[in-house]
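For the sequence shown, UniProt numbering gives the first residue as 1, with consecutive numbering after it.
By construction, the Cβ of each residue, glycine as well, lies at the ideal position given by its N, Cα and C atoms.
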Amino acid sequence: MALDRNGDCASSDWIRAQFNGALPVFETKLDLQEALSAERKALEVLALLQRERRLRDSLQCEIRRRHAALVIATFFVEQHLARRRRLAE
């Protein structure tokens, strides 16, 4: 299975476009094995990059949630302190 740049299943048209309309020709069985090995390694790297992106996205979501909670907590603390100041006057 071939994957496109986004990690989605690549169509044969997309694959041909990567080779300017012609699929590669392998001279020997060793060439084919090397190409398949390189493809496996590329897919492993792609999987790692996708995992890293998912982790980064989830961490960014967590940071946004914590920031929102901090903003809300700061607002309530400021309101509480303002109320105490008004009562002290």
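1) Beta-carbon within less than 7 Å of L81's beta-carbon, same chain only, minus the 5 sequence neighbours each way: which residues are those?
2) According to DSSP, is T28 part of a helix, a strand, or is it coil?
3) Output the distance between the C-alpha atoms of R53 and A47, rounded to the nearest integer angstrom.
On the basis of the data shown:
1) Same-chain partners within the cutoff: there are none.
2) Here DSSP, grouped into helix, strand and coil, assigns T28 to coil.
3) R53 and A47: Cα-Cα distance of roughly 10 Å.
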